[in-house]
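Which chain is which? The protein sequence lines are A and B, in order. The opening residue of the first sequence carries number 148 in the numbering used here; numbering runs sequentially from there. The opening residue of the second sequence carries number 3 in the numbering used here; numbering runs sequentially from there. These notes are about the structure you will find just below.
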Amino acid sequence: KAGVTQTPRYLIKTRGQQVTLSCSPISGHRSVSWYQQTPGQGLQFLFEYFSETQRNKGNFPGRFSGRQFSNSRSEMNVSTLELGDSALYLCASSRRDRNTGELFFGEGSRLTVL
Amino acid sequence: DAKTTQPPSMDCAEGRAANLPCNHSTISGNEYVYWYRQIHSQGPQYIIHGLKNNETNEMASLIITEDRKSSTLILPHATLRDTAVYYCIVRVINTGTASKLTFGTGTRLQVTL
Numbered sequence: 148k149a150g151v152t153q154t155p156r157y158l159i160k161t162r163g164q165q166v167t168l169s170c171s172p173i174s175g176h177r178s179v180s181w182y183q184q185t186p187g188q189g190l191q192f193l194f195e196y197f198s199e200t201q202r203n204k205g206n207f208p209g210r211f212s213g214r215q216f217s218n219s220r221s222e223m224n225v226s227t228l229e230l231g232d233s234a235l236y237l238c239a240s241s242r243r244d245r246n247t248g249e250l251f252f253g254e255g256s257r258l259t260v261l
Numbered sequence: 003d004a005k006t007t008q009p010p011s012m013d014c015a016e017g018r019a020a021n022l023p024c025n026h027s028t029i030s031g032n033e034y035v036y037w038y039r040q041i042h043s044q045g046p047q048y049i050i051h052g053l054k055n056n057e058t059n060e061m062a063s064l065i066i067t068e069d070r071k072s073s074t075l076i077l078p079h080a081t082l083r084d085t086a087v088y089y090c091i092v093r094v095i096n097t098g099t100a101s102k103l104t105f106g107t108g109t110r111l112q113v114t115l
């Protein structure tokens with residue numbers, strides 16, 4: 148079956164702009180979580196969505212937000228971009244009702260902020 | 003979640019077994035040991051997890067010591083494609099927070115010819 152699909156794969160923005168990233172989970176997976184990966188901080192949990200509701204949130208400012216649609220697809224948005232937001236943003240999906248901690252990650256969206 | 007300690011890097015010859023250690027001396031009785039790996043520029047990939055019994059799947063084996071304070075991930079016949087950063091994560095299985103994984107710095111495994 149198809150894996151987790153993230154779009155776009157690469158994008159370049161300038162400070163102050165905003166960006167929206169998209170994630171399509173594996174069919175049948177209703178939980179979508181987002182992670183940020185930077186060389187300095189490593190992989191960090193942003194938030195998780197299940198049944199169109201945010202269920203968990205990491206320690207990130209309010210500029211980072213997300214949503215989930217009825218078909219389980221998710222988007223995350225970063226407003227007022229800063230240079231430090233340059234990162235690989237990873238989306239992961241899972242079956243939350245029988246979640247054993249096995250997440251399926253996409254290949255990520257690499258954001259560069261100039 | 004319990005803290006884990008892994009060596010920053012390891013080398014392994016292709017075809018040989020790669021044994022990646024992880025120390026988790028503060029693990030609680032209901033915490034599982036998970037292993038993920040991340041090949042360069044890709045998303046992390048789940049490998050295996052276990053509670054106290056040794057586990058094996060098509061990718062690897064997980065050996066957990068009897069006191070559960072440490073574990074070893076074994077790739078029985080490493081190939082160049084196994085070159086990646088390997089993360090050991092300890093956590094409770096809880097559907098409410100199962101997607102919130104805490105990744106450390108991992109072990110960078112370099113498989114060489």
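Even glycine gets a Cβ: it sits at the ideal position worked out from N, Cα and C.
Rounded C-alpha distance that separates Thr74/B from Leu190/A | Counting from 1 along the second sequence, the entry for residue 74/B is found at position 72. Counting from 1 along the first sequence, the entry for residue 190/A is found at position 43. If you take the alpha carbons of Thr74/B and Leu190/A, they lie about 22 Å apart.
Local conformation of Ser84/B per DSSP, three classes | Your numbering for residue 84/B matches position 82 in the second sequence. Here the sequence assigns Asp to residue 84/B, which means Ser is not the residue at that position. Looking at Asp84/B - three-state DSSP - the assignment turns out to be helix.
Ser178/A touches chain B at which residues, Cβ-Cβ below 7 Å?
-> Taking the first sequence and counting its residues from 1, the one referred to as residue 178/A is at position 31. The contacting residues are Ser101.
Indicate whether the contact test is met: 3 or more Cβ pairs, each with one atom in the stretch 172–184 of chain A and one in the stretch 238–258 of chain A, closer than 8 Å.
-> yes
Is the distance from the Cβ of Ala15/B to the Cβ of Asp84/B below 8 Å?
-> The residue given as residue 15/B occupies position 13 in the second sequence. The residue given as residue 84/B occupies position 82 in the second sequence. No, Cβ-Cβ distance for Ala15/B and Asp84/B is not below 8 Å.
Listed by chain order, chain B residues near Ala149/A by CB distance under 8 Å = Counting from 1 along the first sequence, the entry for residue 149/A is found at position 2. What Ala149/A touches in chain B: nothing, since even the nearest Cβ is about 14 Å away.
Secondary structure of Leu250/A, DSSP reduced to three states = Against the first sequence, residue 250/A aligns to sequence position 103. Coil, per DSSP.
So, do the stretch 55–71 of chain B and the stretch 205–216 of chain A have three or more beta carbon pairs nearer to each other than 8 Å?
-> no
Comparing the C-beta of Gln44/B with each C-beta of chain A, is any distance below 8 Å?
-> Looking up residue 44/B in the second sequence gives position 42. By this cut-off, Gln44/B is an interface position.
Under three-state DSSP, which class holds Asp69/B?
-> Indexing the second sequence from 1 puts residue 69/B at position 67. In this structure, Asp69/B counts as coil in the three-state DSSP scheme.
Could you tell me the boundaries of the beta strand (DSSP E) in which Leu158/A lies?
-> The sequence position of residue 158/A within the first sequence is 11, counting from 1. Residues Tyr157 to Lys160.
Contact with chain A by Tyr48/B, beta-carbon distance below 8 Å = Against the second sequence, residue 48/B aligns to sequence position 46. Yes, Tyr48/B lies at the interface with chain A (some Cβ there is under 8 Å from its Cβ).
Using a C-beta to C-beta distance shorter than 8 Å, which residues of chain A count as neighbours of Tyr88/B?
-> For the purposes of this step, residue 88/B is taken as residue 86 along the second sequence, with counting starting at 1. The contacting residues do not exist; Tyr88/B stays about 13 Å from chain A at best.
Going by C-alpha distance, which of Arg18/B, Lys102/B, Ile29/B and Ala62/B is nearest Tyr88/B?
-> Residue 88/B sits at position 86 when you count from the first residue of the second sequence. Comparing Cα positions, the closest option is Ala62/B.
For Phe252/A and chain B, any beta-carbon pair shorter than 8 Å?
-> One-based indexing of the first sequence puts residue 252/A at position 105. Judged by the 8 Å Cβ criterion, Phe252/A is in contact with chain B.
Determine which residues share a DSSP beta bridge with Lys54/B and list them.
-> Here residue 54/B corresponds to residue number 52 of the second sequence, with the count starting at 1. DSSP output for Lys54/B lists no bridge partner at all.
Measuring CA to CA, which of Asn203/A, Leu168/A and Thr227/A is closest to Ser256/A?
-> Along the first sequence, one-based indexing puts residue 256/A at 109. For the residues Asn203/A, Leu168/A and Thr227/A, the minimum Cα distance to Ser256/A belongs to Leu168/A.
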